[in-house]
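Colleague: Each residue of the sequence shown is one higher than the one before, starting from 1 at the first, in UniProt numbering. Here a beta-carbon is modelled for each residue, glycine too, at the ideal position from N, C-alpha and C.
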Amino acid sequence: MAKKNKQFAVIGLGRFGGSICKELYKMGHQVLAIDVNEAKVNEFASFATHAVIANTTDEKALQSLGVRNFEFVIVAIGDDIQTSILTTLLLKEMNVPNVWVKAQNSYHHKVLEKIGADRIIHPEQDMGIRIAQHLTSEKIVDYIELSDEYSIVELLATPKINKKSLIDLDVRAKYGCTILAIKRGEAVNVSPLPTEIINEKDLLIVIGHKNDLKRFEDEGM
Numbered sequence: 001m002a003k004k005n006k007q008f009a010v011i012g013l014g015r016f017g018g019s020i021c022k023e024l025y026k027m028g029h030q031v032l033a034i035d036v037n038e039a040k041v042n043e044f045a046s047f048a049t050h051a052v053i054a055n056t057t058d059e060k061a062l063q064s065l066g067v068r069n070f071e072f073v074i075v076a077i078g079d080d081i082q083t084s085i086l087t088t089l090l091l092k093e094m095n096v097p098n099v100w101v102k103a104q105n106s107y108h109h110k111v112l113e114k115i116g117a118d119r120i121i122h123p124e125q126d127m128g129i130r131i132a133q134h135l136t137s138e139k140i141v142d143y144i145e146l147s148d149e150y151s152i153v154e155l156l157a158t159p160k161i162n163k164k165s166l167i168d169l170d171v172r173a174k175y176g177c178t179i180l181a182i183k184r185g186e187a188v189n190v191s192p193l194p195t196e197i198i199n200e201k202d203l204l205i206v207i208g209h210k211n212d213l214k215r216f217e218d219e220g221m
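Here is the structure:
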């Protein structure tokens, strides 16, 4: 069964916002890319469903773009803390359910917390891809990129694999991935035995090629 594509708005197309925008679009999701800078908007026109120039501190501009209809809005505005705060405030007043915001410093973080940002991000270099992976899957808890081809993911065990053993899943043979560990509550079972039984909501720490991990997530979970 195909995964339902989601709709995202990304505000601010610097290095962080731009990498999120590109990755979400590459994954097949609908992305509205927004920046006040025309050159940035033109640069990302090929990496978004729609790319528009807008001042997101203007409530009418946000309303005209239909941003209130998006489930997720990522505020990735660079150095302009005031614009970031005002944009976040407007989005929460418009009842956008999930507003994720890039914070510049601890002061910025505290203000964003007070005005209701749903998640506050302090990005490191190349963090955009990791956030994009987390945004688009209820199963992925964390994502670590090892190289262009290989990753480690933490997947939340679903009802589909509840009470199945690692032998039953046969992940390595079917998908080419390896389950490195199983986390249950605070306990971590490293190198679990093939007879280990998985419970729903266990965290599976899995390594493999990105394509194989995606197949396991979509088909095996």
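Is I11 near V73, with beta carbons less than 8 Å apart?
Modeller: Yes, these two residues count as a Cβ contact at 8 Å.
Colleague: Three-state secondary structure (DSSP) at I85?
Modeller: If DSSP states are grouped into helix, strand and coil, I85 belongs with the helices.
Colleague: According to DSSP, simplified to helix, strand and coil, what is L65?
Modeller: In the structure shown, L65 sits in coil (DSSP, three-state: anything other than H, G, I, E or B).
Colleague: Would you check if the segment 161–174 and the segment 110–121 touch, i.e. whether three or more CB-CB distances between them fall below 8 Å?
Modeller: Taking 8 Å as the limit for Cβ pairs, the verdict is that the segment 161–174 does not touch the segment 110–121.
Colleague: If we call anything under 8 Å between Cβ atoms a contact, is K6 one with E71?
Modeller: A contact, by the Cβ cut-off of 8 Å.
Colleague: Closer than 7 Å to a non-hydrogen atom of the ligand SAM - does that hold for the CB of H50?
Modeller: No copy of the ligand SAM appears in this structure; indeed no ligand is present at all.
Colleague: Looking at the structure shown, is V96 part of a helix, part of a strand, or coil, going by DSSP?
Modeller: DSSP places V96 in coil when its eight states are reduced to three.
Colleague: Can you check DSSP and say which residues form a bridge with K183?
Modeller: Note: K183 sits in a beta bridge opposite V188 and L203.
Colleague: At what residues does the alpha helix (DSSP H) containing T106 begin and finish?
Modeller: Reading off the sequence shown, one finds Ser at residue 106, where the question assumed Thr. S106 to K114 is the span of the alpha helix (DSSP H), which, as asked, contains S106.
Colleague: Compute the Euclidean distance between the alpha carbons of I85 and E43, then round it to the nearest angstrom.
Modeller: I85 and E43: Cα-Cα distance of roughly 25 Å.
Colleague: Tell whether a beta-carbon distance below 8 Å holds between A48 and A61.
Modeller: Contact flag unset, no.
Colleague: Could you give the distance in angstroms between the alpha-carbon of E38 and the alpha-carbon of I53?
Modeller: Using only the alpha carbons, I get a separation of about 6 Å.
Colleague: Let me make sure I understand the geometry here. Which of S106, N105 and R68 has the alpha-carbon closest to that of L89?
Modeller: If we check each option's Cα against that of L89, R68 comes out closest.
Colleague: Looking only at C-alpha atoms, which of F16, A9, Q104 and Y175 sits nearest to V31?
Modeller: For the residues F16, A9, Q104 and Y175, the minimum Cα distance to V31 belongs to A9.
Colleague: Hey, quick one: how far does the beta strand (DSSP E) through A33 stretch, first residue to last?
Modeller: Counting along the chain, the beta strand (DSSP E) containing A33 begins and ends at Q30 to D35.
Colleague: Going by alpha carbons, who is nearest to A76 out of Y107, F216 and V36?
Modeller: That would be V36, whose Cα lies nearest to the Cα of A76.
Colleague: Considering only their Cβ atoms, is the gap separating P159 from I179 smaller than 8 Å?
Modeller: No. Outside cutoff.
Colleague: Taking its Cβ as the centre, do 16 or more other Cβ atoms sit within 10 Å of M1, making it buried, or is it exposed?
Modeller: Since pLDDT at M1 reaches only 36, below the 50 mark, its modelled position is unreliable, and the value read off the structure follows with that caveat. The residue in question, M1, is exposed, as its Cβ has fewer than 16 Cβ neighbours within 10 Å.
Colleague: Work out the CA separation of T56 and S46 for me, nearest whole Å.
Modeller: Approximately 21 Å between the Cα atoms of the pair.
Colleague: In the DSSP output, which residue or residues are listed as bridge partners for S165?
Modeller: The partner list for S165 (beta bridge, DSSP) reads I197.
Colleague: Residues in its own chain within less than 8 Å of V171 by CB, not counting five upstream and five downstream?
Modeller: Counting only Cβ-Cβ distances below 8 Å, and skipping sequence neighbours, we find C177, T178, I179, V206, F216 and G220.
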